[in-house]
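In our numbering, the protein residues as written are 23 to 820.
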Ligand SMILES: [Zn+2]
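As structure tokens, this is what we get:
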């Protein structure tokens, strides 16, 4: 393989100075575009408390954040009652018809799920209505007002709830909207999405469906991303692009979101055929669900963005004809410099095929014009796979090395100060790309390498169009733009300005399209999956290669000493980027240390069998931190003793039994069933499970080796019965149980002898447990639904 010889027309641009001037101009232009992309993803300035009444003010909303997130307020707690009273008072104060929906509701979707059973909760949703003047339907503004047990939920979701209160205030000051606006502040989202499920299924206002705008947070800062829509979203996306003042959203996000273990109230509405948009800010994930999620950690800019978008969308959906929102197809959409660009999803595959054909045609032209040979084109394509594989691998290894140095990162969604590590991954990706380019540029030729990059972008475009259509634009459009730039470069004088202009424009398209995912994937997936961002960064780098190439002396022209100098110059960017990666990772390790304000997260639970008096400390930490290690000494299986805690293996150790009572199982009635055909073997057991202390959840499991469960109902609600695994094959999880307990009816066929059931309840807080030692400074609580849980269980024969 050799670079094709330089033709006479090429000589003008081989003049180093002119070539360098073009390169600098092109790079400055690209940097400006990159800066524009970052500005487009930034949050607005928070508006002050004296902003005009019709506007959303983060300062006004923040006052409600402080009230709502004054303390942890898990569903069913007295603190949550106080929050609810504040919400009802505030909405009534705005003159809105406000009520509390008090119901028992099942979970939405398939979440935590009791093995072979059901999850329910007692919920109290706050529902207020602003009646429209001539309604065509209803607009629902939804957020959850409950928090996790471990933290006050300043961001999750006091910010969303306070934003809705402020939107309600702004809407009531202006002219009445045409459509009904319903404010739904849900309960027990953290437990099981039960509040939203109960509203969507049973509330009279939900009967005819409508448009749902759900406001969430999975962190403390960053832009609000519209990350999920209902199906056939084209018209919703059109309204979003038009009416949201800061429309950051991409059809790729929903594909990423599906890969994450998170879920929101929106799921409950989608289950019930509502349409709508789901938005959240997600950066600063280190404090998610932890005691650190306090009001002071709410980024007022993110709050302003949430509110601006919610108010703009509420107004627009408030006047749109809601009878007509099903477009029949999905859109591809993505942010472009502060605006939203969209096109119909059915264009995805044709565009991807067009990009592939265009890149193929470019390869054919390059060969015809003598810029490449079949051999170099093939080599360019094959060798481009190297950086595509090596950069993500490098990012993964880098993070593995960093977590080896700092094992506490393993339990964090993202480090407290992740920016250094993110930049290190980007620098590492650049180093891999530059190194690869420096090694191959002279041997394969810049044209063939640029072709290789475009070809992979086009191939990925087709693969994505088939598998992940919402993400195909990411590589299809840069490939298409690159191929078109190649045509222009080949069709115009090589020493004229057009080739440089064309490749710079194509690179700008790539920056506009691929820089946002690089920026947003880091917080979305966390550093543990920084490799995905590295992959996108490399794809962006490949698309920008023709501009980077302008920095190099033209290939093939030099001999001897000059060539040696060129090669050294080519190695310079690679070495600089590699050094930057090492330095940035080092700065990250130096800056992001664990301390009192940034504690290392630890997870601890206590479980007591009140029947046997056996107790245990349990942790979900895979490699327990030193503090946790003082409680646990090995792997334990809890499925048989504490089926209510799930079937996973945990680390555990012996504990002193606390004098705590298990929930009581009171037999209310025991009869033969009158099934058809009549079955003498079938028993109908009506029991009441009564907690003996203040608890957050209650579970009841049936030993399916003593009876087969035919059907069950909880608080009068039938629940699905599917055979589960293990000893306790059927179970019910009930969140926020009332003090008087929960009535359960089981229809079952005993295997002869007594039916064995196991009741468990759980409260929060371990400080009163014998043997518990308070965490020292710098050791914190991991954000999880089971941190600090205190469970008590007992088996009853019936
Ligand atoms: Zn949450």
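Just so you know, even glycine gets a beta-carbon here, dropped at the ideal spot from N, CA and C.
Does the distance from the C-beta atom of residue i to that of residue j stay below 7 Å?
i           : j           : result
residue 201 : residue 159 : yes
residue 233 : residue 164 : no
residue 108 : residue 89  : yes
residue 367 : residue 185 : no
residue 168 : residue 209 : yes
residue 342 : residue 494 : no
residue 607 : residue 446 : yes
residue 533 : residue 55  : yes
residue 653 : residue 675 : yes
residue 302 : residue 174 : no
residue 21  : residue 503 : A question about residue 21 goes unanswered here, because the residues of the chain that appear run from 23 up to 820.
residue 563 : residue 722 : no
residue 770 : residue 797 : no
residue 374 : residue 487 : yes
residue 188 : residue 78  : yes
Select from the options the residue whose C-alpha is nearest the C-alpha of residue i.
i           : options            : result
residue 282 : 297, 799, 435, 571 : 435
residue 398 : 738, 650, 462, 341 : 462
residue 505 : 231, 529, 315, 812 : 529
residue 709 : 665, 490, 606, 819 : 819
residue 524 : 748, 567, 414, 156 : 567
residue 63  : 738, 541, 764, 545 : 541
residue 813 : 684, 594, 230, 267 : 684
residue 761 : 711, 128, 738      : 711
residue 805 : 303, 244, 311      : 311
residue 298 : 256, 306, 268, 314 : 256
residue 146 : 250, 122, 289, 154 : 122
residue 458 : 323, 293, 599, 770 : 599
residue 681 : 651, 815, 781, 556 : 815
residue 788 : 592, 729, 638, 340 : 638
residue 363 : 452, 304, 260      : 260
residue 238 : 231, 250, 227      : 250
residue 404 : 750, 41, 127, 475  : 475
Can you say whether residue i is buried or exposed, counting buried as having 16 or more other CB atoms within 10 angstroms of its CB?
i           : result
residue 571 : buried
residue 11  : No statement about residue 11 is possible, as the shown extent of the chain runs from 23 to 820 and does not include it.
residue 826 : Outside the modelled stretch of the chain, which goes from 23 to 820, sits residue 826, for which no answer is possible.
residue 904 : This structure cannot speak to residue 904, because the chain is shown only from 23 to 820.
residue 317 : buried
residue 136 : Summary for residue 136: the model assigns pLDDT 45, below 50, so the residue's position carries little reliability, and this model does not support an answer.
residue 727 : exposed
residue 60  : exposed
residue 287 : buried
residue 745 : exposed
residue 419 : exposed
residue 483 : buried
residue 426 : exposed
residue 724 : buried
residue 50  : exposed
residue 618 : exposed
residue 253 : exposed
residue 792 : exposed
Bridge partners for residue i per DSSP, in chain order?
i           : result
residue 639 : 628, 675
residue 366 : 353
residue 146 : 124
residue 818 : 779
residue 691 : 708
residue 802 : 623
residue 567 : Residue 567 pairs with nothing; no bridge assigned.
residue 658 : 672
residue 119 : 151
residue 9   : Because the chain spans 23 through 820 in this model, residue 9 falls outside it and cannot be assessed.
residue 202 : 160
residue 721 : 755, 782
residue 497 : According to DSSP, which records beta bridges pairwise, residue 497 is partnered with nothing at all.
residue 503 : DSSP output for residue 503 lists no bridge partner at all.
residue 358 : 361
Given the structure, does residue i come close to ligand 3, in the sense that its CB is under 6 Å from one of the ligand's heavy atoms?
i           : result
residue 640 : This structure lacks ligand 3; the ligands present are ligand 1.
Within the segment 728-789, ranges of the beta strand (DSSP E) (whole runs, at least 3 residues)
729-736, 739-741, 752-757, 764-772, 778-786
Residue ranges of each beta strand (DSSP E) within the segment 36-97, 3 or longer:
none
Jot down the residue ranges of each uninterrupted beta strand (DSSP E) in the segment 416-483, minimum 3 residues, whole runs only, in chain order.
none
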